[in-house]
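Per this note's numbering, the very first residue in the sequence shown carries number 1239; after that it's consecutive. Glycine residues also receive a C-beta, built at the ideal position from the N, C-alpha and C atoms.
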Amino acid sequence: MTATAHSRTTTKQTDAAAQALLTLLADLPAGSPDRARIRGRIIELYLPLAEYLARRFRNRGEPIDDLNQVAGVGLIKSVDGYDPTRGAAFTSYAIPMIVGELKRHFRDKGWDVRVPRRLQELRLEISKISGDLAQELGRSPTIADLATRLDVGEEEIIEGLESSHAYRALSINAPAGTEDSGAELADLLGTADRALEAVDDRESLRPLLARLPVREQRIIALRFFGNLSQTQIAERLGISQMHVSRLLARALTFLRGELTDHL
């Protein structure tokens, strides 16, 4: 007996055994202690089928272990929902259920950035036909080629292609340039420019400062631009530190009041 023939025989034997267990499971009352054991055995028998279907979706950015788990969920739903009295083979019921579960996983959970479902499905269609079109045309298909084949507008094709960038978001902690550089993408992101944010304040203050008495203008300049203390300003101007404090407080009160009135 060849390996292929042996495999087919084994598959038939597995299907026969599983079908008998499925029939038995359906006949058992809901509270039977044997239900969990028989259900587990059926799942075990068809687990290779679920894993086979999961492998059909590999190389799409999802770990195969995750896909196996999703396919396993589909298999469990199939076992729980199958009705042997309808006469259909279990695999005819289970395969669409498992494949549907895998597709739903990619549609609903595989995207780092959520995009409309129609774009997710369009992206999959574009991926399916791109290879065939490239072989037919002898070149990479254009936006117009894809739109014609899928009978949609070119703008929709562009949206579908751009949506592929939302499937996996790149971490800002990813290396920027060579790994030896030690730089991350976050290092290249812009930050708030406090000097730029202060432009409006400076321009608003300029005419108000000009309205202050000359000595108060000088005190403001020495204190906030020259970084001198009140004592140092007092020595520079030949007045007491207390006098400097009063003049500074009066100037600041005037400036705050005028700025508030202009908001």
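Quick check on this structure: which residue in 1367, 1361, 1495 has the alpha carbon closest to the alpha carbon of residue 1395?
With distances taken between Cα atoms, residue 1395 lies closest to 1361.
Thinking C-alpha only, which one of 1465, 1322, 1381, 1336 is nearest residue 1295?
The candidate whose alpha carbon is nearest that of residue 1295 is 1336.
Residue from 1496, 1312, 1387, 1327 with nearest C-alpha to residue 1260:
Of the candidates 1496, 1312, 1387, 1327, the one whose C-alpha sits nearest the C-alpha of residue 1260 is 1327.
CA nearest to the CA of residue 1390, picked from 1356, 1374, 1375, 1376
For the residues 1356, 1374, 1375, 1376, the minimum Cα distance to residue 1390 belongs to 1356.
Which value, in whole angstroms, describes the spacing of the CA atoms of residue 1366 and residue 1272?
If you take the alpha carbons of residue 1366 and residue 1272, they lie about 45 Å apart.
Within 8 Å, strictly: CB atoms of residue 1306 and residue 1289
A contact, by the Cβ cut-off of 8 Å.
Applying the criterion that 16 or more other CB atoms from any shown protein chain within 10 Å of the CB defines a buried residue, is residue 1392 buried or exposed?
The residue in question, residue 1392, is exposed, as its Cβ has fewer than 16 Cβ neighbours within 10 Å.
If the criterion is Cβ atoms closer than 8 Å, does the pair residue 1479 and residue 1469 meet it?
Residue 1469 sits close to residue 1479, with the two beta carbons spaced by under 8 Å.
Simplified DSSP state of residue 1269, which is helix, strand or coil
In this structure, residue 1269 counts as coil in the three-state DSSP scheme.
Member of 1255, 1344, 1329 whose CA lies at the smallest distance from the CA of residue 1297
Nearest C-alpha to residue 1297: 1344.
Out of curiosity, what's the CA-to-CA distance linking residue 1275 and residue 1314?
Each residue's Cα considered, the two are about 13 Å apart.
Could you check which residue in 1459, 1257, 1374 has the C-alpha nearest to that of residue 1317?
When each option's Cα is compared against that of residue 1317, the closest is 1257.
If contacts are defined as beta-carbon pairs under 8 Å, then residue 1387 and residue 1399 qualify, I think. What distance do you get, rounded to the angstrom?
Taking C-beta atoms under 8 Å as the contact rule, residue 1387 and residue 1399 fail to qualify, at a distance of about 14 Å.
Rounded to the nearest angstrom, what separates residue 1286 and residue 1322 at their Cα positions?
Their Cα atoms are separated by approximately 21 Å.
Please look up how many angstroms separate the CB atoms of residue 1460 and residue 1471, rounded, as I've assumed it's under 8 Å.
Correct: roughly 5 Å between the Cβ atoms.
With a Cβ-Cβ cutoff of 8 Å, do residue 1332 and residue 1284 count as a contact?
In this structure, the beta-carbon distance from residue 1332 to residue 1284 falls below 8 Å.
Candidates 1496, 1475, 1384, 1486, of which the one nearest residue 1462 by Cα
Out of 1496, 1475, 1384, 1486, the CA that lies nearest to the CA of residue 1462 is found in 1486.
Give the C-beta separation of residue 1312 and residue 1340 to the nearest angstrom, bearing in mind that I take them to be a contact with Cβ-Cβ under 8 Å.
Contact flag correct, Cβ pair sits at about 7 Å.
Please look up how many angstroms separate the CB atoms of residue 1442 and residue 1497, rounded, as I've assumed it's under 8 Å.
At roughly 6 Å, the Cβ-Cβ gap stays under 8 Å, so residue 1442 and residue 1497 are in contact.
Figure out for me which residue from 1280, 1291, 1483 has the closest Cα to the Cα of residue 1467.
Looking from the CA of residue 1467, the closest CA among 1280, 1291, 1483 belongs to 1483.
What residue from 1439, 1474, 1494 has the CA that sits closest to residue 1450's CA?
The residue with the shortest Cα to Cα distance from residue 1450 is 1494.
Around the C-beta of residue 1239, are 16 or more other C-beta atoms found within 10 angstroms, so that it is buried, or is it exposed?
Confidence at residue 1239 is low in this model, with a pLDDT of 42, below 50, so the placement of that residue is unreliable and no value is reported for it.
By Cβ distance below 6 Å, which residues in the same chain neighbour residue 1438 in space, the five residues on each side in sequence not counted?
If we look at residue 1438 and ignore the five residues flanking it on each side, it has no Cβ neighbours.
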